[in-house]
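In this note's numbering, the protein residues as written are 459 to 939.
The next block holds one structure in the form of structure tokens; read it before the comments.
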Amino acid sequence: MAVAIVWFRNDLRLDDNPALQAAVDGGFDVVPVYIHDPDGEGAWAPGAASNAWRARSLQALDDALRSRGNALRFFLGHSGPTLAGVAAATGAEAVFWNRRYEPAVEARDARIKRELREQGLQVESFNGSLLFEPWTLKTGKGGPYKVFTPFHRAALAHWAPTAPQDAPKRIPHSDDGPEGVPIDHLRLTPHNGWDHGFWTHWTPGEAGAREAREVFVDGALRDYTEGRDRPDRVGTSRLSPHLHFGEIAPWRVVHTIEAQRGQAPDAQVDGFLRQLVWREFATHLLHHFPHTPEQNLDERFATFDWARLPRNLVERWRRGRTGVPIVDAGLRELWHTGWMHNRVRMIVASYLCKHMRVHWRTGAEWFWDTLVDADLANNTMGWQWVAGTGADAAPYFRVFNPVTQAEKFDPRGDYVARWVPELASIPVPLRHAPWRDPALLARVAPSYPRTPLVDLAQGRDAALMAYRQLRDTRRDDDEHR
């Protein structure tokens, strides 16, 4: 029987997998392949937390394939030559994969597709991760969107999610060709066990994604629009890493959530679906503006006066030692679980970019290495949004006050108490700003910083002054043109 290679990447599932389904429907014996090729990712090779998650998700995928009469073959090396070698060794006639949209990967995949076709292979790629591929929604003038609201309207006007398709009951296999290497040869798992705390919070793989979806539908969905901003509650879907690694298709999530209308209020359903469209918007931006992981989308900020702080101060931010409890709580949650609540991500990012005035790339790189849901499109858009340098961004002069944010979204200080336990015995009003009672802080939490790394008022004023200087410089330049 004819053989087809199915190249798995960020589509680690059997349900709703168009590349796999194409191979099965085409009557091929299937050779499932995973290639660890960090060099092929360009400047943004996956970080440590992503690799730790991927190791477990790949194992879950291999187990699922074995239950259907097949197995995943692991390889280490450059993707193009590896695929060509496996195709030659197995006598494959076709190679199928689901598309990715990171700039370096898009360019690499286009080259691989061309080279394999030149060798006489049938090569096809599919949409396995989006409701709308980046080129499908355009402005009235035919260009890309830079503002979310009209993008969202366009998405709703073309709303027709793909119907879910369950996994094939049997996946025909081929015994030909190389077996690959054991998964531990990929060296995805941190050697020092840094990730051990993650797995009390997460279950990577398709089964874990299904469970997370059901937990969300049965609980947090019913109060999503308010609950999603509360880090002291379980108010979000926690589907982001599962979506990033393709352990569940977004259209299956949509169909599940849409089916809740009548049980959950429409406003809650629509609120969650809006966040899925926000995810789509991020990929749309990355595809059309591939320079943005490195450069400001808003070119006005090319000459912005970012501060040059000593490395040890940035390290204190990374380790959750800023002296601002909500900021420290978020960064410690990240370190121990590989994830941070979205509202807290904005607060943490604002403190770095606005109060400390550190370039947003510094934060983006830290999140990239430590988040299990690190996604180039979402990470880039999120940091540029907070910094005020991106599409549809929060204005630079909008500076989150971390104390008032904490008082609003963690009113009893439960989130702070969980992740900054040395402050748990401090009365709630002071738990968000313990420097207001230095004697109590010294007595109860002697190891905690006495004052914020950057004073909130002084940091805000310095940020606004830098913004005004940028604005005035541009105004002078315009007048002299």
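Ideal Cβ placement from N, Cα and C applies to all residues, glycine included.
Since this is a predicted model, take the numbers as computed values, not measurements.
query                                                                                                             : result
Cβ-based neighbour list, L734, same chain, cut-off 8 Å, excluding 5 preceding and 5 following                     : L589, P708, V711, V712
heavy atom of the ligand ZN below 7 Å from R876 C-beta                                                            : The ligand content of the structure shown is nil, which means the ligand ZN is not present either.
Range of the contiguous beta strand (DSSP E) that encloses F466                                                   : 461 to 466
Coil, strand or helix - P490 by DSSP                                                                              : strand
Rounded C-alpha distance that separates D833 from I884                                                            : 37 Å
Cβ-based neighbour list, H659, same chain, cut-off 6 Å, excluding 5 preceding and 5 following                     : T795
A924 in three-state terms, based on DSSP                                                                          : helix
Nonlocal neighbours in the same chain, by C-beta distance under 6 Å from N754, ignoring five residues either side : T847
Distance between A665 and W843 (C-alpha atoms, nearest Å)                                                         : 33 Å
Straight-line Cα distance separating I641 from A882                                                               : 42 Å
M804 beta carbon less than 8 Å from that of F858                                                                  : yes
Inter-residue Cα distance where the pair is L789 and A518                                                         : 29 Å
Alpha-carbon spacing of G655 relative to Y854, whole angstroms                                                    : 36 Å
Any 3 or more C-beta pairs closer than 8 Å across the stretch 778 to 787 and the stretch 899 to 919               : yes
Closest residue to T741 among R557, A621, C811, G527 (Cα-Cα distance)                                             : R557
Inter-residue Cα distance where the pair is D690 and A864                                                         : 10 Å
For F584, three-class secondary structure by DSSP                                                                 : strand
Counterpart residues of F409 in DSSP-defined beta bridges                                                         : Not covered by the structure: residue 409. The range shown for the chain is 459 to 939.
Inter-stretch contact at 8 Å, needing at least 3 Cβ pairs: the stretch 481 to 500 / the stretch 545 to 553        : yes
Reference Y559; option with closest CA among R524, P887, W502                                                     : W502
Per DSSP, cross-strand counterpart(s) of A552                                                                     : A462, Q580
Contact set for A513: own chain, Cβ-Cβ below 6 Å, skip 5 residues either direction                                : L646, T647
Assumed close pair L526, I629 - CB separation to whole angstroms, cut-off 8 Å                                     : With the sequence shown as reference, residue 526 is identified as Arg, and Leu is not the correct amino acid for it. With a Cβ gap of about 5 Å, R526 and I629 count as contacting.
Buried or exposed by the 16-neighbour rule on C-beta atoms within 10 Å, applied to V806                           : buried
Counterpart residues of R719 in DSSP-defined beta bridges                                                         : A722
Residue span of the alpha helix (DSSP H) that contains R774, given as start and end                               : 769 to 776
Cutoff 7 Å; reference D868; Cβ partners in own chain excluding five residues on either side                       : P689, D690, I784, V874
Alpha-carbon spacing of A835 relative to T761, whole angstroms                                                    : 24 Å
Inter-residue CB distance, E705 and A765 (contact presumed, cutoff 8 Å)                                           : Their Cβ separation, rounded to whole angstroms, is 40 Å, which puts E705 and A765 out of contact at 8 Å.
Cβ-Cβ distance between L697 and A670 below 8 Å                                                                    : yes
Given S583 as reference, the closest of S515, K571, E576, L899 once Cα atoms are compared                         : K571
Burial state of T694, where buried means 16 or more other Cβ atoms lie within 10 Å                                : buried
C-beta atoms of V802 and S508 nearer than 8 Å                                                                     : no
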